[in-house]
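Enquirer: Here's a structure for you.
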Amino acid sequence: MTTYICKYSPVELLQAFGWEAVMPNEEVGDFAEADAWIHSSVCSHAKQLLSLLACPREDGADQGESPSQACGIGCKGRQCVVLTNCCDSIRRVFDTLRPEMEKRNTAFVMLDLPHNNSESSAEWYARQLMKLLDSFRPLWDRDRFLFLWHRTVQRWMEYKERKNGFAQLAILGARVGDQLKEKLESGFSMPMVDLTCGGCRTLSFFPEDAQTLTEEELLLEYARALLGQLPCTRMEDTGPRDALLSELESQGLKGIIYHTVRFCDYYSFEYTQIVNRLKVPVLKLESDYTIPGRGQLSTRLGAFAESLSDRNTSLTGQEKGRDTGGNMSGCLYYIGIDSGSTTTNAAAVDGQGNILASRTVRTGARAADAAQGCLEEICDRIEEKTGKRPEASQFRVMATGYGRSYLPFANGQKTEISCHALGARSLYARVRTVIDIGGQDSKVICLDENGHVSNFVMNDKCAAGTGRFLEMMAHTLQMDMDQLGSYGHKWNKDLTISSVCTVFAESEVVSLIAENHALDDIIHALNKAVATKTASMVRRAGGEAPFMMTGGVARNKGLVKELERCLGEPLYIDDMPDMAGAIGAALFAKELTEE
Ligand code: SF4
Ligand code: SF4
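Quick note, the sequence shown lines up with residues 14 to 608 if you use the working numbering.
Structure follows, in structure tokens:
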């Protein structure tokens, strides 16, 4: 068993020693292991690598310790780990772990990867490959090496020639963890090409006279093939990479998922360049190689799939409006249920899209129960208006929000990104940017001139700067959200709260209270902190005026004022700001029925 970390690694050479070559793509539970080895500010890729490599061996060779976590990269019987010095972080991983690897009797190799594929670089790399070969010469099987190299070349050529069904979705950037990859594959039903650091290896030649070459000549050719792959973003000349992307675009590429790593700036440069150069939609997905959370990730992927769907691309049934069948001719009402983490909102529209009723309840412990209660109350309202309670066959329900997958009675589900966009546009036709501060997340959704979602940004995994953050601060100040919204307008002293992390901000608020600052001043500082974070999300998304703010937080006048100041533009606030998602879902229910 051998472990390698990127496509420039000599995989075929390692396999020719009789080892299985494995990329450490398993996500870790946390970085407790890594933090014990290295400074916590190092990138998540390096930490994940450390966590997995530092994991004690299952065969008891590590002083009889038991494994601290399940390790899928073969701690048991791992003979060799080959790193490529992509950047300083990997160098630090190598320096940190070297003594430990020596103790474990694991060969630990760092290949010095050149930055280009010039002849001298190939010679330099070939010499390192020869050293590697010499270290394990008794295991070396030259015929197997030639077979594997030839097979890799063939696979890439076959892939390139498969014009029909050539990739509609490309994944670029850093290598993707197993669970994230699984989610990507199950979230999109279109042909996909993985061009990340850990994706398909693009070795494009095999020497015809390979059998007759000396070992030195053979390894030089192999080094040329390795370095001649589709260049990664670290290489000096990325021309061939740019050309392949342009080729894919001209062949019908529908979208790109760009994977970046937390605490790494490397990939962001290429991301920005791609967004500026190509016309296809790009979703930036940052991960930290821990087990991906379900809610936000599925919303991001689902919303991206839906935005591609707007452009006539196929997507899987998971996020596509699903219809449970039945005769729809008697359908009179279309109900959208936005099952959020804090509240559940429902809205009903008629066949013309007019809003008939709306209702909000607390979500509580069970999303399905809250949604069912909301649905019943909507039916009550319709009954009050029409004198007749609608039967199940007379309405269609579309679910959205975090709880959308858990409402068994819904006829379909859409992400809150699509629903907020449609709902907001139905309330304010001119809107180009929707800002929604929800209970657990904040989102900025950009719309093109046709009302399609052109880009969106969501806050990170934590609740910093969201409605939950404000709730916690209100709790600290011993008031409710309505009271919080009524302060902060008449401030005198311009205080600053430097963090929107709930824990840090709470201690700052406590200090300000202790210092006897006026409530208006403290709450103004909180509003300013949330507004600044939200405005930076707007800039990141490329949001343009006219702006609209949705979600219950839009009722907080102090915050709205601060956000308007940060954006330098007015915000449109509807009378029912928290209903945008539910209204959008109801309108999608209507569309689903009409399809
Ligand atoms: S950026 Fe290049 S060198 Fe670094 S891991 Fe990715 S493929 Fe390897
Ligand atoms: S390129 Fe970025 S993600 Fe990869 S090891 Fe270096 S700092 Fe970490």
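Glycine included, each C-beta is placed from N, C-alpha and C at the ideal position.
Report the rounded CA-to-CA distance for Arg-237 versus Thr-209, giving the unit in angstroms.
Expert: In the sequence shown, the residue the question calls residue 237 occupies position 224. In the sequence shown, the residue the question calls residue 209 occupies position 196. If I take the Cα positions, the gap works out to 20 Å.
Enquirer: Taking only heavy atoms of ligand 2 into account, decide whether any of them is closer than 8 Å to the Cβ of His-52.
Expert: Along the sequence shown, read from residue 1 onward, the residue named residue 52 stands at position 39. Checking every heavy atom of ligand 2 against the Cβ of His-52, none is found closer than 8 Å.
Enquirer: Going by C-alpha to C-alpha distance, which of Arg-553, Ala-316, Thr-215 sits closest to Val-166?
Expert: In the sequence shown, the residue the question calls residue 166 occupies position 153. Out of Arg-553, Ala-316, Thr-215, Thr-215 has the C-alpha closest to the C-alpha of Val-166.
Enquirer: Is it buried or exposed, Glu-429, if we count other Cβ atoms within 10 angstroms and call 16 or more buried?
Expert: Residue 429 sits at position 416 when you count from the first residue of the sequence shown. Burial call: buried.
Enquirer: Can you tell me where the beta strand (DSSP E) holding Gly-498 begins and where it ends?
Expert: The count along the sequence shown starts at 1 and reaches residue 498 at position 485. From DSSP, Gly-498 is part of no beta strand (DSSP E) but of the alpha helix (DSSP H) over 494-499.
Enquirer: When the Cα atoms are used, what is the spatial distance from Ile-121 to Leu-185?
Expert: On the sequence shown, residue 121 is found 108 positions in, with the first residue counted as 1. On the sequence shown, residue 185 is found 172 positions in, with the first residue counted as 1. It should be pointed out that residue 121 corresponds to Phe in this sequence rather than to Ile. One C-alpha to the other measures close to 28 Å.
Enquirer: Look at the alpha carbon of Glu-332 and the alpha carbon of Ala-183, and state the distance between them as a whole number of angstroms.
Expert: The count along the sequence shown starts at 1 and reaches residue 332 at position 319. The count along the sequence shown starts at 1 and reaches residue 183 at position 170. Confidence is the limiting factor: at Glu-332 the pLDDT is only 35, short of 50, which leaves the residue's position unreliable, though a coordinate-based value still follows. Using only the alpha carbons, I get a separation of about 19 Å.
Enquirer: Which value, in whole angstroms, describes the spacing of the CA atoms of Phe-302 and Glu-283?
Expert: On the sequence shown, position 289 is the one that residue 302 refers to. On the sequence shown, position 270 is the one that residue 283 refers to. Residue 302 is actually Tyr in this sequence, not Phe. Going by the C-alpha atoms only, they are around 20 Å apart.
Enquirer: Once the 5 residues before and after Arg-402 are set aside, which same chain residues still bring their CB inside 6 Å of it?
Expert: Locating residue 402 in the sequence shown gives position 389, counting from the first residue. Correct list, in chain order: Cys-392, Glu-396.
Enquirer: Taking the C-alpha atoms as reference points, what is the distance between Lys-503 and Asp-533?
Expert: Here residue 503 refers to the residue found at position 490 of the sequence shown. Here residue 533 refers to the residue found at position 520 of the sequence shown. So the two alpha carbons sit approximately 6 Å from each other.
Enquirer: Is any non-hydrogen atom of ligand 1 found closer than 8 Å to the C-beta of Met-6, if you look at the structure I gave you?
Expert: Given a span of 14 to 608 for the chain in the structure shown, any question on residue 6 remains unanswerable.
Enquirer: Leaving out five residues on either side along the sequence, give the residues of the same chain with a beta carbon under 6 Å from the beta carbon of Thr-246.
Expert: Working through the sequence shown from its first residue, we reach residue 246 at position 233. Answer for Thr-246: Glu-283, listed in chain order.
Enquirer: Starting from the N-terminal end, write out each residue whose C-beta falls within a distance shorter than 6 Å of any non-hydrogen atom of ligand 2.
Expert: Here the list is Cys-56, His-58, Ala-59, Cys-99, Cys-100, Ser-102, Ile-103, Ala-187, Val-274, Cys-277, Tyr-279.
Enquirer: What span of residues does the beta strand (DSSP E) with Ala-120 cover, start to end?
Expert: On the sequence shown, residue 120 is found 107 positions in, with the first residue counted as 1. Taken as a continuous stretch (DSSP letters only), the beta strand (DSSP E) holding Ala-120 covers 120-124.
Enquirer: Provide the residue span of the beta strand (DSSP E) that contains Ala-544, from first to last.
Expert: Here residue 544 corresponds to residue number 531 of the sequence shown, with the count starting at 1. Run containing Ala-544: none in the beta strand (DSSP E); it sits in the alpha helix (DSSP H), 532-554.
Enquirer: Which of the three DSSP states, helix, strand or coil, is assigned to His-488?
Expert: As a first step, residue 488 must be located in the sequence shown, where it is residue number 475. His-488 falls in the helix class under three-state DSSP.
Enquirer: Should Glu-25 go down as buried or exposed, given a rule of 16 or more other Cβ atoms within 10 Å for buried?
Expert: Locating residue 25 in the sequence shown gives position 12, where the first residue counts as 1. Glu-25 should be labelled buried.
Enquirer: Determine the contact status of Ile-350 and Leu-388, defining contact as a CB-CB distance below 9 Å.
Expert: To locate residue 350, count along the sequence shown from 1; it is residue 337. To locate residue 388, count along the sequence shown from 1; it is residue 375. Yes.
Enquirer: Quick one: using the 10 Å Cβ neighbour count with 16 as the cut-off for buried, is Asp-587 buried or exposed?
Expert: Taking the sequence shown and counting its residues from 1, the one referred to as residue 587 is at position 574. Asp-587 is buried by the Cβ-count criterion.
Enquirer: Please tell me whether Arg-111 and Gln-28 are closer than 9 Å, where the distance is taken between their beta carbons.
Expert: The residue given as residue 111 occupies position 98 in the sequence shown. The residue given as residue 28 occupies position 15 in the sequence shown. No; because the gap between Cβ atoms is not below 9 Å, this pair is not in contact.
Enquirer: Where Ile-18 and Val-41 are concerned, what is the direct C-alpha to C-alpha distance, given to the nearest angstrom?
Expert: On the sequence shown, position 5 is the one that residue 18 refers to. On the sequence shown, position 28 is the one that residue 41 refers to. Computed Cα separation, rounded: 16 Å.
Enquirer: Locate the alpha helix (DSSP H) running through Gly-436, then write down its first and last residues.
Expert: Locating residue 436 in the sequence shown gives position 423, where the first residue counts as 1. That run of the alpha helix (DSSP H) goes 429-440.
Enquirer: Beta-carbon within less than 6 Å of Val-95's beta-carbon, same chain only, minus the 5 sequence neighbours each way: which residues are those?
Expert: Here residue 95 refers to the residue found at position 82 when the sequence shown is read from its first residue. Cβ within range, chain order: Tyr-17, Ser-22, Val-122.
Enquirer: Taking the straight line between their C-alpha atoms, what separation do you get for Asp-461 and Ser-439?
Expert: One-based indexing of the sequence shown puts residue 461 at position 448. One-based indexing of the sequence shown puts residue 439 at position 426. Straight-line Cα distance between these residues: approximately 14 Å.
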